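Trainee: Positions 5 to 234 (the working numbering) are the ones given, in order, by the sequence shown.
Below you will find the structure I want to go over with you.
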Amino acid sequence: MNTEYQKKIAAEKATNEIRPGMVVGLGTGSTVYYALLKIGTLVKDGLDIVGIPTSEGTEKIATAQGIPLSTLSTHPKIDLTIDGADEVALRLNLIKGGGAALVREKIIANASQRILIVVDESKCSQVLGTNFPLPVEIIPFGWEATQKAVNQFCGSSTLRGGEEQPLVTDNGNYILDCDFSPVGGITEPAKVEMALNNLPGVVENGIFVNRADKVIVGTASGIRSMEKDS
């Protein structure tokens, strides 16, 4: 079973929890893409929901699929969010931000009553930061100084897109991809999340601690689900 199929079955499984009348947070990334396609089909078949996108890219896809959209200003409470992750470790702690939408994803997560994370099995690990670099969103002004401060935690980081053409997020910021593998990963994610966010110039980072209620994993043998505290 290839990776794309694993993503598809996980994403479509998550859409089974959507109910009529819900406000649904719409995540960002290659796995959530399949959920958006499925939700679009459900809407065409008469499902009455409202979606809140976490990125401009997701907004474009959802609009193309005919999914009615709104904002947090209009719907400050979200019933269910379906999102992806770049790495899932013990206690369902996550690294997100591979799609450069981590700030908006965290805002949406904070407003959500229930969060479903959909991934393929390659995203699972024992310790965060061992399989995927941690994205840290930073303001462009003085970014080199911010990078030096961030590197005290991880050892090294790279500016996404490179110095000549850095990637710019939907919020107008840059992203540092931080390699924690040389230091054994992120063994205390809550502490690292808070410490990084306290650095001047850091907007937010991609550590999501105690956020996911359920992780749905597409595997070579089918679906595997992990619940919070299970």
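Every residue gets a Cβ at the ideal spot worked out from N, C-alpha and C, and that includes glycine.
No experiment lies behind these values; they were computed from the predicted model shown.
Rounded to a whole number of angstroms, what is the C-alpha to C-alpha distance between Glu21 and Lys11?
Mentor: In the sequence shown, residue 21 corresponds to position 17, counting from 1. In the sequence shown, residue 11 corresponds to position 7, counting from 1. So the two alpha carbons sit approximately 17 Å from each other.
Trainee: Flag this pair as touching only if the region 166-183 and the region 136-146 have three or more C-beta atom pairs under 8 Å; answer yes or no.
Mentor: Yes: at least three Cβ pairs fall under 8 Å.
Trainee: Determine the DSSP secondary structure at Thr67, reduced to helix, strand or coil.
Mentor: The sequence position of residue 67 within the sequence shown is 63, counting from 1. Note: Thr67 maps to helix in three-state DSSP.
Trainee: Taking only runs of the beta strand (DSSP E) that begin and end inside the region 43-96, which ones reach a length of at least 3 residues, in chain order?
Mentor: As far as the region 43-96 is concerned, its whole beta strand (DSSP E) runs of at least 3 residues are 54-57, 84-88.
Trainee: With distances taken Cα to Cα, identify the nearest neighbour of Asn93 among Gly31, Phe136, Asp183.
Mentor: As a first step, residue 93 is located in the sequence shown; it is residue number 89 there, counting from the start. Per the sequence shown, the amino acid found at residue 93 is Ala instead of Asn. Checked all of Gly31, Phe136, Asp183; the closest Cα to Ala93 is Phe136.
Trainee: Alpha carbon to alpha carbon, how far is Ser74 from Ala66? Give it in angstroms, no decimals.
Mentor: Taking the sequence shown and counting its residues from 1, one reaches residue 66 at position 62. Taking the sequence shown and counting its residues from 1, one reaches residue 74 at position 70. The straight-line gap from Cα to Cα measures roughly 11 Å.
Trainee: For the structure I just gave you, are there three or more beta carbon pairs, one from the region 198-212 and one from the region 96-106, closer than 8 Å?
Mentor: Contact between the region 198-212 and the region 96-106 is present, because at least three Cβ pairs lie under 8 Å.
Trainee: Just to check my reading of the structure: Gly70 and Lys48 have Cβ atoms closer than 8 Å, yes? What is that Cβ distance to the nearest angstrom?
Mentor: Residue mapping note: residue 70 aligns to position 66 of the sequence shown, counting from 1. Residue mapping note: residue 48 aligns to position 44 of the sequence shown, counting from 1. Yes, they are in contact, since the Cβ atoms of Gly70 and Lys48 sit about 6 Å apart, within 8 Å.
Trainee: Closest by CA to Ile19, which one among Lys195, Val154, Ile121, Pro193?
Mentor: Counting from one through the sequence shown, the residue named residue 19 turns up at place 15. Note that residue 19 corresponds to Thr in the displayed sequence, not to Ile. Taking only the C-alpha atoms, the option nearest Thr19 is Ile121.
Trainee: Arg108 by DSSP, collapsed to three states: which one?
Mentor: Counting from one through the sequence shown, the residue named residue 108 turns up at place 104. Helix, per DSSP.
Trainee: So Cys182 is in the beta strand (DSSP E); what residue range does that whole segment cover?
Mentor: Residue numbering aside, residue 182 sits at position 178 when the sequence shown is read from its first letter. Segment 178-183, the beta strand (DSSP E) holding Cys182.
Trainee: Looking at the strands, I want to know which residues DSSP matches up with Gly29.
Mentor: The residue you call residue 29 lines up with position 25 of the sequence shown. DSSP, once it has assigned bridges, lists Ile56, Thr85 as partnering Gly29.
Trainee: When we look at the beta-carbon of Val187 and count the other beta-carbons within 10 Å, is it buried (16 or more) or exposed?
Mentor: Along the sequence shown, one-based indexing puts residue 187 at 183. Burial call: exposed.
Trainee: Find the nearest neighbour of Lys127 within the set Leu171, Val54, Val219, judged by alpha-carbon distance.
Mentor: What you label residue 127 is simply residue 123 of the sequence shown in a count that begins at 1. Closest option to Lys127, Cα to Cα, is Val219.
Trainee: On the DSSP letters alone, give me the boundaries of the alpha helix (DSSP H) that Asn135 sits inside.
Mentor: By 1-based counting over the sequence shown, the position of residue 135 is 131. Taken as a continuous stretch (DSSP letters only), Asn135 belongs to no alpha helix (DSSP H), as it is neither H nor E.
Trainee: Span of the alpha helix (DSSP H) holding Glu8?
Mentor: Here residue 8 refers to the residue found at position 4 of the sequence shown. Where Glu8 is concerned, the enclosing alpha helix (DSSP H) stretches over 7-18.
Trainee: Gly222: buried (16+ other C-beta within 10 angstroms of its C-beta) or exposed?
Mentor: Indexing the sequence shown from 1 puts residue 222 at position 218. Buried, because 16 or more other Cβ atoms sit within 10 Å of the Cβ of Gly222.
Trainee: Nearest chain B C-beta to Thr191 closer than 8 Å, yes or no?
Mentor: Absent here is chain B; the protein component of the structure consists of one chain.
Trainee: Going by alpha carbons, who is nearest to Ala39 out of Lys17, Thr58, Cys182, Ala194?
Mentor: In the sequence shown, counting from the first residue as 1, residue 39 sits at position 35. Here the closest residue by C-alpha is Lys17.
Trainee: Under 7 Å Cβ to Cβ from Gly189, same chain only, skipping five residues before and after it: list those, please.
Mentor: Within the sequence shown, numbered from 1, the residue matching residue 189 stands at position 185. Excluding residues within five positions, the ones whose Cβ falls inside 7 Å are Val131, Leu132, Gly133, Thr134.
Trainee: Among Gln156, Ile111, Glu91, which has the Cα closest to the Cα of Ser129?
Mentor: As a first step, residue 129 must be located in the sequence shown, where it is residue number 125. For the residues Gln156, Ile111, Glu91, the minimum Cα distance to Ser129 belongs to Glu91.
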